[in-house]
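The block underneath contains the structure these notes are about, expressed in structure tokens.
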Amino acid sequence: MSCSWVPENGDEILSPEYDDEPAAKRFCVSLLQRNHNHNCHPVRTRESGWKGWSKEEVAERLIDEGLDHVAEIFKREGIKGKFLKELTISDLEGIGICTLGNQLEVMECIEKLTSQDTSVQQGSKVFNDPIHGHIELHPLCVKIIDTPQFQRLRFLKQLGTCYFVYPGASHNRFEHCLGVCYLAGRLVSRIQRQQPYLGITDEDVLCVQIAGLCHDLGHGPFSHLFDNKFIPAVCPDSKWKHEEASVKMFEYLVRENQLEAEFRRYKLTDTDQIFITEQIAGGSKHGEGWTMKGRPQEKSYLYEVVANKRNGIDVDKWDYFARDCHMLGIKNNFDHNRCIHFARVLQVEGELQICSRDKEIGNIYDMFYTRTTLHRRAYQHKTTNIIENMVVEALVLANDHIKLKGGDGKMLKMSEAIHDMTALSQLTDDIFSRILHSHEPELERSREILRNILTRKLYKCVSQIQPKGNLYKEEEKPVILAEVVSKMDPDELASSGMTANDIVLQFVNLDYGMKEKNPVDNVRFYSKENPNVAVMIRKEQESSMLPENFKEQVIRIYSKKRDPRSCNMVKVAFEQWCAAKNFPPPKGGDVSALELTPVDKGKQTNGQGTSMPSSTIYSRDDKERSKRNLFE
1 MSCSWVPENG
11 DEILSPEYDD
21 EPAAKRFCVS
31 LLQRNHNHNC
41 HPVRTRESGW
51 KGWSKEEVAE
61 RLIDEGLDHV
71 AEIFKREGIK
81 GKFLKELTIS
91 DLEGIGICTL
101 GNQLEVMECI
111 EKLTSQDTSV
121 QQGSKVFNDP
131 IHGHIELHPL
141 CVKIIDTPQF
151 QRLRFLKQLG
161 TCYFVYPGAS
171 HNRFEHCLGV
181 CYLAGRLVSR
191 IQRQQPYLGI
201 TDEDVLCVQI
211 AGLCHDLGHG
221 PFSHLFDNKF
231 IPAVCPDSKW
241 KHEEASVKMF
251 EYLVRENQLE
261 AEFRRYKLTD
271 TDQIFITEQI
281 AGGSKHGEGW
291 TMKGRPQEKS
301 YLYEVVANKR
311 NGIDVDKWDY
321 FARDCHMLGI
331 KNNFDHNRCI
341 HFARVLQVEG
351 ELQICSRDKE
361 IGNIYDMFYT
371 RTTLHRRAYQ
381 HKTTNIIENM
391 VVEALVLAND
401 HIKLKGGDGK
411 MLKMSEAIHD
421 MTALSQLTDD
431 IFSRILHSHE
441 PELERSREIL
451 RNILTRKLYK
461 CVSQIQPKGN
471 LYKEEEKPVI
481 LAEVVSKMDP
491 DELASSGMTA
501 NDIVLQFVNL
511 DYGMKEKNPV
521 DNVRFYSKEN
531 PNVAVMIRKE
541 QESSMLPENF
551 KEQVIRIYSK
561 KRDPRSCNMV
571 KVAFEQWCAA
581 KNFPPPKGGD
591 VSALELTPVD
601 KGKQTNGQGT
611 SMPSSTIYSR
621 DDKERSKRNL
631 FE
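If you count by the UniProt record's numbering, then the sequence shown holds residues 1 to 632, one letter each, in order.
Written out as structure tokens, the structure is:
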């Protein structure tokens, strides 16, 4: 099939003098005329940034994006950077890119390449990221990156102890923050171009990028292990979260590196810095009224980009879904590029919020299912969790004996460093090696625990169950532990020397990010026919196979003593506890998938006269029901 360029309605018709010219020349002259007429001034012959790319540079960037065949066509047709934003679907068809799929792929790539105008960004830097390709960041972002406080993120594992289970999970908070910064810029720039009447300024875009870049500055060693497990263990009444420290660390970073002048250089005011810290802190929750000071309520949607409290759809998740899946070797079915492409700000119940195209609802559900898959298979993996538990035990035992110098010269414990950014800046995953290779007698027990991790002498998961009905809370653990121990034979318990301290009980809560609620109920969509009207799409309107429940819990029980006798004692006692609660029999600790319901209670045959346990025979209805279970 031969393709030739034909002008659409509204396209400029070339004068007859070009009739005998090659198609490539007529194509480029048409673009020049279009550019001239739309801007009412002659096209500049020299541009900086992507507008100044030669045809060779355009081709090179297309190759970097994996579009080698398109690069050859663009180079042959002489398409330079200044023509990229003018290209239409019809233009692509005219130069031989005829299939709709290829055309959409090229248009998406062009949008990505031109999403950040670098024409005035001397001092910007290009990072070769394994997830997003070559990403260019604003020079002010580069100034922030090149500080000791930000570089510290190179030494904080993104997935904490998951690296002890998945050998590919070696990535760090550093690269994740670069990715969030990049995606934040892409999303806001897209909305800025598509809806100019919203009044999004370049300063707005830059502030959102910086918030994405700095949103994880306050993480401690092994990321969420520190704020979710260690701090609650040593400071039970503390409400501290890493977002609080991220705000303080950002302010400390700016102050310590004298970046105030750099912020002013790029027209960022004190109010803009407040806007940045409000985004890092997480913004205001939906329904609380407008309390933000960095931006007025008519720009409330900007607070949904980095950390979206409304429905959990934000660029932070987009990056870590893509990055974690890539590094873990887990398939990612969610495409964040489509979310960016179809993002649109619309009025919803008196508020402006980011909405998506109606046909994207399946992609949104894929996003939340990807989240549960990552939690079930990696973040909450039974071995990941128990190693995390052992690291926390070692840190708690070492807390009183490892000191860090604070800003006023005072020596602080690890648990006290969260309130002093000078001290927190010294805390990284290196604390593991520091304890492991220490010589102080008071750290011997911590050293022993860490050595057991390295030699794989881990606490043994002996059983687990998915309880039905009301889910258990953390404060109920001591009661359950006491009940399990009470099921053990007193004489056997005494002879074994086992106590409640030798048993570890874990509650693993799995959901779509909003506990028992469906987060998609808080998402609004628009249609092709009515792009300015936001509507809600019920789960039933999309598919009857979507989950009915959006939260479940798994209870796991571990024995610190690894010998068969001790493990069996814990296992039997836990089975008796489950029976007393009318729960189904628990599964062994090595089983991770949920069981399907058998056809009947009796034994079946395999067709050859050999009996088989009924638990291996499933009906078609059972299988269909299992598909509707969120975590099957």
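In this text, a Cβ means the ideal position worked out from N, Cα and C, and glycines have one as well.
Three-state secondary structure (DSSP) of residue i
i	result
residue 201	coil
residue 636	With the chain covering 1 to 632 only, the question about residue 636 has no answer from this structure.
residue 58	helix
residue 511	strand
residue 94	helix
residue 558	strand
residue 356	strand
residue 176	helix
residue 78	coil
residue 505	strand
residue 571	helix
residue 52	helix
residue 425	coil
residue 157	strand
Length of the line joining the Cα atoms of residue i and residue j
i	j	result
residue 151	residue 426	11 Å
residue 374	residue 52	42 Å
residue 490	residue 561	18 Å
residue 71	residue 49	19 Å
residue 290	residue 351	10 Å
residue 338	residue 187	11 Å
residue 464	residue 220	30 Å
residue 345	residue 321	24 Å
residue 196	residue 279	22 Å
residue 102	residue 418	51 Å
residue 122	residue 264	16 Å
residue 582	residue 479	17 Å
residue 183	residue 206	12 Å
residue 586	residue 554	10 Å
residue 441	residue 430	20 Å
residue 108	residue 146	31 Å
residue 294	residue 77	47 Å
Beta-carbon proximity list for residue i, same chain, < 6 Å, skipping 5 on both sides
i	result
residue 327	168, 169 and 171
residue 164	387
residue 218	242, 245, 246 and 249
residue 239	none
residue 225	160 and 388
residue 404	412, 417, 423 and 426
Residue i beta carbon near the ligand SAM (any heavy atom closer than 7 Å)
i	result
residue 186	Looking for the ligand SAM in the displayed structure turns up nothing, as the structure carries no ligands at all.
CB contact flag (residue i, residue j, <8 Å)
i	j	result
residue 356	residue 334	no
residue 176	residue 323	yes
residue 67	residue 135	no
residue 354	residue 303	no
residue 143	residue 259	yes
residue 460	residue 567	yes
residue 79	residue 58	yes
residue 421	residue 248	yes
residue 432	residue 474	no
residue 315	residue 212	yes
residue 140	residue 262	yes
residue 252	residue 149	yes
residue 198	residue 380	no
residue 364	residue 520	yes
Neighbourhood of residue i by C-beta, 7 Å cutoff - its chain only, sequence neighbours within 5 removed
i	result
residue 570	462, 503, 557 and 559
residue 446	394, 397, 398 and 435
residue 428	152, 155, 156 and 221
residue 63	71
Residues that DSSP places opposite residue i in a beta bridge
i	result
residue 412	404
residue 347	352
residue 128	134
residue 535	525
residue 115	Answer is none; residue 115 lacks a bridge partner.
residue 465	555
residue 587	464
Close Cβ partners of residue i (< 8 Å) along its chain, the five nearest in sequence each way excluded
i	result
residue 409	none
residue 396	230, 233 and 234
residue 378	159, 162, 165, 166, 169, 324, 328, 330 and 384
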